[in-house]
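Trainee:
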Amino acid sequence: MIFETTTIHYNAEVRPAYYRMGVKCGEAFQNASPGQFVMLAAGDGYDPLLPRPFSIHRVRMPEEKVEGVEILYKKVGRGTSRMSLLKRGDPIRILGPLGNGFHIPERPGRIFVVAGGIGVAPLFFLVEKLLTRGTDPNAVYVFIGGRTRDDILCFQEFNRMGVHVVIATDDGSAGDPCLVSQPVEIAAEENPPDLIFSCGPKGMLDCVARMAERLDIACQVSIETDMACGIGACMGCAVNGSEKDRYFHVCTDGPVFDSRRLDWESKTCSTP
Ligand code: FES
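Note that my numbering numbers the sequence shown so that position 62 is 144, with each residue one more than the last.
1. Can you find a heavy atom of ligand 1 that lies under 7 Å from the Cβ of Met-309?
2. Hey, out of Cys-107, Leu-122, Ser-163, whose CA is closest to Ala-99's CA?
3. What's the C-alpha gap between Glu-306 and Val-202?
4. DSSP puts Ile-193 in a beta bridge; with which residues?
5. Using a 10 Å radius around the Cβ and a threshold of 16 neighbouring Cβ atoms, would you call Thr-217 buried or exposed?
6. Just reading off the alpha helix (DSSP H) that Cys-333 is part of, what are its end residues?
7. State the DSSP-derived secondary structure class of Cys-301, mapped to helix, strand or coil.
8. What separation, rounded to the nearest whole angstrom, lies between the Cα atoms of Ile-193 and Thr-334?
9. Looking at Ala-315 and ligand 1, is the gap between the Cβ and the nearest heavy atom below 7 Å?
10. Grouping DSSP H, G and I as helix and E and B as strand, with all else coil, what is Pro-144?
11. DSSP state of Gly-181, grouped into three classes?
12. Run the CB neighbour count on Cys-355, radius 10 Å, all protein chains shown included, and call it buried at 16 or more, exposed below.
13. Whose C-alpha, out of Val-148, Gln-112, Asn-113, Tyr-155, is nearest the C-alpha of Leu-122?
14. Which residue's Cα is closest to the Cα of Gly-183: Phe-119, Leu-177, Ile-174, Phe-330?
15. Is the beta carbon of Thr-141 within less than 7 Å of some heavy atom of ligand 1?
16. Taking only runs that begin and end inside the stretch 193-268, name each unbroken beta strand (DSSP E) of 3 or more residues, in chain order.
17. Three-state secondary structure (DSSP) at Thr-350?
18. Among Pro-265, Glu-188, Leu-344, Ile-200, which has the Cα closest to the Cα of Leu-213?
19. In the structure shown, what three-state DSSP assignment does Pro-175 receive?
20. So is the beta-carbon of Val-332 under 7 Å away from any non-hydrogen atom of ligand 3?
21. Rounding to the nearest angstrom, what Cα-Cα distance links Arg-296 and Glu-271 in this structure?
22. In chain order, what residues of the same chain have a beta carbon less than 6 Å from the beta carbon of Leu-277, not counting five sequence neighbours either side?
23. Which partner residues of Gly-150 appear in the DSSP bridge assignment?
24. Identify whether Asn-93 lies in helix, strand or coil by the three-state DSSP scheme.
25. What does Ala-123 pair with, by DSSP beta-bridge criteria?
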């Protein structure tokens, strides 16, 4: 597997500190699935910290032919700050699609999708895929949480899809003034879903995973760790499993896991 050099199609700020970047890519992405990721490295000698992993937010396929992948990212440090300055036509290297994505059952039933902050990135792709496969939008409940209203992403896009959307912010500037796990738990206790998909900060995933276990609901989580290679070669992305002496490589065993297979007490089960 090698990095393919391609170019940036667009790179625009969509909310303060949040960017959407479109990267031209080839047919390898035709069958990319939600939850998979790419390693991106921008330009020669652009930044010694790159390459770094990003969830696939969307695969652009006008007329059924793959044209590019889109990532949604937050400017949080030096690497992503410099990345935010890249423009259409700039070179970028891409490796992917990588990892194992969400498993979508034949008949998923009633679904909760729980996103915290930038964790919404792969979940948007997931909901798109669910609806494409014929899931009734009325059976999909999307919960989006963030610190403030500026951290609530994709709200209008989800609304346009016709799914139910609930938002919560820590400071109450949009939606319910609480952690997003609270409305999720209330709704799950009233009428448990058949399946939960989630991605976000570790604290949120921890709450969602424990609630799912208590209510005996199947739950898939997408987690993220620091990754140097993305292909199982560097051993840098190991997280502890729930079974004694069992660990996983997030890049090749995940990044999506059945929540019961992970050790939530472990500090190494970290997410952004
Ligand atoms: Fe290198 Fe997972 S990132 S082994």
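Beta carbons are placed, not taken as given, at the ideal position from N, Cα and C, and that holds for glycine. All values reported here derive from a predicted model rather than from experimental measurement.
Mentor: A quick look at the data gives this:
1. By one-based count along the sequence shown, residue 309 stands at place 227. Yes.
2. Here residue 99 is taken as the residue at index 17 of the sequence shown, counted from 1. Selected option, being the one with the closest Cα: Ser-163.
3. Start at 1 with the first residue of the sequence shown, and residue 306 comes out as number 224. Start at 1 with the first residue of the sequence shown, and residue 202 comes out as number 120. Rounded to the nearest angstrom, the two C-alpha atoms are 13 Å apart.
4. For the purposes of this step, residue 193 is taken as residue 111 along the sequence shown, with counting starting at 1. In DSSP, Ile-193 forms a bridge with Val-222, Leu-277.
5. Here residue 217 refers to the residue found at position 135 of the sequence shown. Label assigned to Thr-217: buried.
6. The residue you call residue 333 lines up with position 251 of the sequence shown. 332-335 is the extent of the alpha helix (DSSP H) around Cys-333.
7. One-based indexing of the sequence shown puts residue 301 at position 219. Here Cys-301 sits in strand by DSSP.
8. Residue numbering aside, residue 193 sits at position 111 when the sequence shown is read from its first letter. Residue numbering aside, residue 334 sits at position 252 when the sequence shown is read from its first letter. When rounded, the distance between both Cα atoms is 26 Å.
9. Counting from one through the sequence shown, the residue named residue 315 turns up at place 233. The answer is yes for Ala-315.
10. Residue 144 sits at position 62 when you count from the first residue of the sequence shown. If DSSP states are grouped into helix, strand and coil, Pro-144 belongs with the helices.
11. Position 99 of the sequence shown, counted from the first residue, corresponds to residue 181. Here Gly-181 sits in coil by DSSP.
12. Look at the range of the chain in this structure, 83 to 354, and you will see that residue 355 is not part of it.
13. Mapped onto the sequence shown, residue 122 falls at position 40. When each option's Cα is compared against that of Leu-122, the closest is Tyr-155.
14. Along the sequence shown, read from residue 1 onward, the residue named residue 183 stands at position 101. That would be Phe-119, whose Cα lies nearest to the Cα of Gly-183.
15. Translated into positions along the sequence shown, residue 141 becomes position 59. Residue 141 is actually Val in this sequence, not Thr. Val-141: no, Cβ never under 7 Å from ligand 1.
16. Given a length threshold of 3 residues, each whole run of the beta strand (DSSP E) inside the stretch 193-268 is given here in chain order: 193-198, 222-228, 246-251.
17. In the sequence shown, the residue the question calls residue 350 occupies position 268. With a pLDDT of 45 at Thr-350, under the threshold of 50, the predicted position of this residue should be treated as unreliable, and no value is reported.
18. Counted from its first residue, the sequence shown places residue 213 at position 131. When each option's Cα is compared against that of Leu-213, the closest is Glu-188.
19. Start at 1 with the first residue of the sequence shown, and residue 175 comes out as number 93. In the sequence on display, residue 175 carries Arg and not Pro. Under the three-state reduction of DSSP, Arg-175 is assigned to strand.
20. In the structure on display, ligand 3 does not appear, and the ligands it does have are ligand 1.
21. Against the sequence shown, residue 296 aligns to sequence position 214. Against the sequence shown, residue 271 aligns to sequence position 189. Their Cα atoms are separated by approximately 10 Å.
22. Along the sequence shown, one-based indexing puts residue 277 at 195. Around Leu-277: Pro-190, Ile-193, Ala-300.
23. Counting from one through the sequence shown, the residue named residue 150 turns up at place 68. Its beta-bridge partners are Lys-106, Arg-142.
24. Within the sequence shown, the letter at position 11 stands for residue 93. In the structure shown, Asn-93 sits in a strand (DSSP, three-state: E or B).
25. Residue mapping note: residue 123 aligns to position 41 of the sequence shown, counting from 1. Arg-175.
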